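Residue numbers (numbering that gives the first Met the number 0), protein chains in the order written: chain S, 0 to 235; chain A, 0 to 496. Ideal Cβ positions, reconstructed from N, Cα and C, are used throughout, including at glycine. This one's a predicted model, so the numbers in the text were calculated from it and none came from an experiment.
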Amino acid sequence: MTQLSHYLDQLLFVAVPYVALVLFFLGTIYRYRAETFSYSSLSSQFLENRQHFWGMVPFHYGILTVLAGHAIAFLVPSSILAWNTRPLRLYILEVSALAFGVMTLVGFLAILARRRSNSKLLRVTSKADWVLYALLLFQLASGVYVAVFHPWGSAWFATTASPYLWSLAKLSPQVDWVAALPWAVKLHILNAWLLIGFFPFTRLVHILVVPNPYLWRKRQVVRWNRDPRTARLVQR
Amino acid sequence: MDVRSQVSMVFHLDKCIGCHTCSIACKNVWTDRQGTEYMWWNNVETKPGTGFPTAWEDQEKYQGGWEVKKGELKLKSTGPAKVMANIFHNPHQPSMDDYYEPWTYDYENLFDAPEGDDQPVARPVSRVTGEYMEVEAGPNWDDDLGGSEIYAANDPNLDALTEEQRQQLSAVERLVMFYFPRICNHCLNPSCVASCPSGALYKRGEDGIVLIDQKRCRAWRSCIAACPYKKTYYNWHTGKSEKCILCYPRLETGQAPACFHSCVGRIRYLGVLLYDAERIEEVAKLPDEEIVEGHRSMILDPWDPEVVAAAKANGIPDDVIESARKSPVYRFVKEWKIALPPHLEYRTLPMLFYVPPMSPVMAGKEGDSVYHFTDGNLFHDIDQSRVPIAYLAKLLGAGNEGLVRYALRKQKAVRLYRRALTVGDVDEESAARALREANCSVEEAEAIYRLTALCTFDDRFVIPPMHREEAIQMIEEPHGHRQSVGFGFTAGPKRGL
C-alpha cells in the first residue's frame, strides 16, 4: 500500500509537474509565434458592462495578491518565517491572505454567474473556457478550504511546499516534502500543475502580454515605410 | 519645420442629403463580417441628435480626447497613470447597448411556415446570439428627427443654446435638421493611438492614415474610450478593435475610398495637405479660442519655397507635393477658410473638415400664414438662421461663432453673386457688397461655385501617389509577396481551441 502511494506521489508530484512545465514553456512560445492573433483574453466587457465590474475587479486584484503571496513564500521562505516570529504578525498575515482568497473566490463566482446567465456571453465562450473555469473554480475553492481547515499555511508552506518546489527546480525532485500533507493540500497542488500545463491552450495567455512598455513608450506611434531623415526604406 | 503629408478630407454639409449611401458602401466592403455587424465606420447622423453610438459627444460619460492639465497634454481616459489600475475593467468603455444589437430577419419563415390563418412574418433574429429579439435601437434611430423629443433632446451640443433657442428648435414652423456624415478623422494627435497599451495603433508616416495592427491588438479596449469620436470599434468575435482604414488599399491603387466614391450628393473631397508636425503638441494645447486658427496655421503652403525645401528634405516625393498643390481640401480649409474641423476642443487635431450647412431662413407665424423674416441686411438670415450659430459653433468651431459665421457668410455671398448672374433677381450692386462683406473676391466666388456645384470626380478626389509599391519592390522580390499584404486575415481569425 505504501509502495503504491509512493509511486502515485511520484507520478502526481514529479511526473505531472515536469510534463506541465514542458507544456507550459513549449506551448506558450509556440502559440506566440504561430498564433499571435489569438494571444489575448477575449474581453466580453463590450457585451455586458455592469456585472463585469463586480466580477473582474475583485477576482483580478485578489488573485494577483494571492499569487504574489505564493511567489514570495516560494522564493524567499525565510522572509515569511522571520515575519511570523511574532504571533500577532502571523495572525495579520493569515487573516489578510484568507480575505484576499475569499475575495478572489467571490469575484470568480460572480464571473461564472455572469457567463452562464447571459446568452450573448455564452456565444463567445469556448469549450476550453469551460475547462479552464472548472480548473480555476476547483483551485480557488480548495485554496480557501485549505486556508480555513489547515491554518497557518504561511508557516508550513515555507517548510513543505517551498522546499518541494525548489527540489523540482533543482531537478532533484524530493516528493517526501509533500507526501505527508493533507489530501486537500495535495489536490490543490496537483490542480495547480494541471492549470500550468493547460495554460498555453487557454485565454490565460493574456497574463504574458501585459503591456508594461506602455508606461515608458512615446505617446504617439508613427510607422514609416521610408525613413524621413535618410529617405531609405525602413526594414521591419 | 518637420513637414509631413496627410491625406485629408472635406465634407460639404450643405450638399448632404442624408441618403446613407456612403454607410452602405462602407458596410458592404468592410464590416459585413461576424463581430463587425454593429460597426459603422462611416455613419450619417441627423443633427440635432444624439448620433451613433448614443451621445458620443458626451465626454463626461466617455472621457474621450485630451485635456490640458497644468500645461501638460493628458489623455482624459486611461493614460499611463491610470491604465494598469483600470485594465481589468475599463470604466469608460461603451457597451453594445450604447450602439445596438445587430439583427437580421427570419426570412426562411416566409417560405417555410406551415399553412395557417395568418400571414407568416419574418421576425428579427439577433446576429450575436441567433435568438429572436425585440429591436430596441439601431444605428440611426433618431434619423430625420424621429423621436427627437426623446433622443435629440439629449444632444450635448444643445448645451450651447439658451432655453429660448431650444424651444424655437422644436417649434413646427421653425423645425430644422441637417445631416452629419462621420468617418475616422485620421487625427494629427490621435488619442486612440496614444491610449493603446499594446502600441497596436499607429499613424502611417507617409499619408497619416491611422490603423490598428490586428496582430498586436490585445483587446485592452483603451482606444474605444479614448477616441472622442467613437470611431474605433471592438470586434467581439475576434477580440480585436477595428476602425475606418480610409480604404487604403483603394487609395494605394489611385481609387477614392468607397464612401467617397459612392457619395450621391458629391459632398466629399479628398486631397493631401502638408503640415508642420513639430507644432502638434503646441497647437493641441492652445485654448479653445485660438485652437481652430492654430490648427489651420499648421497646414503649410505647398507653393512656399521654404516649405517645399523642408518637405523634400523629409523625403516627401515631388509628385506628392504637386498633388498637395491641387488639393481641394487645401482650398476649402486654408484658402477660403470655409471648412472647419469637428469638435477641435477634444484636441486630437482631426483632419476631416466640414463646410457648415446653410439652413432655411427663419420663419414666423401670423394667424394662419407663415412668413419669412427679411430686412435690408443681406446676412440677416445667417444670424437668425434656424440652426443657431451657437449650435454650429459648438459642433464645428470649438465654440467660436465668428469662424462659423465667416464660413456661412462667404457661402451666402457666393449664392447671391451667382443669383445675380444667372437669375437676375438680386442686383449686381448688392451681390458685390455681399462679396466684399464676406471677404471674397469675384475669382474666389467663382472658384467656390465651381468646386461646390460643378465639381467632377477628378476635382473632388486628388489622390496623391502613395508609393507603397516601393515598400516591397526595393527590398524583396515582389512576386514572392503576392497576397501577403493588405487588409484582412492571412490566417483564419480563430482563437483558443
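Asked	Found
Under 9 Å from the C-beta of Ser40(S): neighbouring residues of chain A	Arg217, Ala218, Gly238
Other residues of its chain near Thr27(S): CB distance less than 8 Å, five sequence neighbours each side excluded	Phe198, Pro199, Val204, Leu207
Chain A contact residues for Gln44(S), given Cβ-Cβ distances below 8 Å	His88, Asn89, Gln92, Ser94, Arg220
Residue-level contact to chain A via CB, Leu104(S), 8 Å cutoff	no
Gly106(S): first and last residue of the uninterrupted alpha helix (DSSP H) it sits in	86-116
Option nearest His236(A) by Cα separation, candidates Leu20(S), Phe45(S), Leu10(S), Phe24(S)	Phe45(S)
Inter-residue spacing [alpha-carbon to alpha-carbon] between His88(A) and Ala151(A)	30 Å
Closer than 8 Å to chain S by CB, Ser76(A)	no
Pairwise C-alpha distance: Tyr61(A) and Val209(A)	21 Å
C-beta neighbour in chain A for Val56(S), strict 8 Å	yes
Exposure of Glu205(A), with buried meaning 16 or more beta-carbon neighbours within 10 Å	buried
8 Å CB neighbourhood of Pro316(A) in its chain, flanking five on each side removed	Pro464, His466
Beta strand (DSSP E) segment containing Asn42(A), residue limits	42-46
Validate contact between the region 398-405 of chain A and the region 415-433 of chain A using beta carbons, cut 8 Å, 3 pairs	no
Coarse secondary structure for Arg8(A), derived from DSSP in three states	It should be pointed out that residue 8(A) corresponds to Met in this sequence rather than to Arg. Note: Met8(A) maps to strand in three-state DSSP.
Rounded separation between Pro341(A) and Arg435(A) - CA only	28 Å
Beta-carbon gap between Val65(S) and Gly100(S) smaller than 8 Å	yes
Exposure label - Asn108(A); buried when at least 16 CB within 10 Å	exposed
Whole-angstrom distance between Pro359(A) and Val282(A), CA atom to CA atom	35 Å
Reduced DSSP secondary structure (H/G/I, E/B, other) of Asn234(A)	strand
Alpha carbon of Pro196(A) to alpha carbon of Tyr60(S), nearest angstrom	19 Å
At least 3 beta-carbon pairs within less than 8 Å: the region 18-25 of chain A vs the region 117-127 of chain A	no
Cβ of Tyr132(S) within 8 Å of any chain A Cβ	no
Whether Arg408(A) touches Ala437(A) by CB criterion (8 Å)	yes
Euclidean distance between Cα positions of Glu443(A) and Thr451(A)	12 Å
Endpoints, alpha helix (DSSP H) assigned at Pro123(A)	Looking at the DSSP string, Pro123(A) is not in any alpha helix (DSSP H); the run it does join, the beta strand (DSSP E), is 123-125.
Rounded C-alpha distance that separates Val354(A) from Ile337(A)	6 Å
Proximal chain A residues relative to Ser118(S), where beta-carbon distance stays under 7 Å	Thr128, Glu130
Start-to-end residues for the alpha helix (DSSP H) that takes in Arg432(A)	427-436
Residue of Ala389(A), Asn42(A), Gln92(A), Ala255(A) minimising C-alpha distance to Gly137(A)	Asn42(A)
Bridge-paired residues (DSSP) for Asp275(A)	Val2(A)
C-alpha gap between Leu97(S) and Val147(S), whole angstroms	8 Å
Cross-chain neighbours of Ala193(A) in chain S, by beta carbon under 7 Å	Arg218, Gln219
Buried or exposed by the 16-neighbour rule on C-beta atoms within 10 Å, applied to Asn234(A)	buried
Sufficient close CB pairs (3 or more, under 8 Å) joining the region 182-201 of chain A to the region 220-233 of chain A	yes
DSSP three-state assignment for Pro180(A), whether helix, strand or coil	strand
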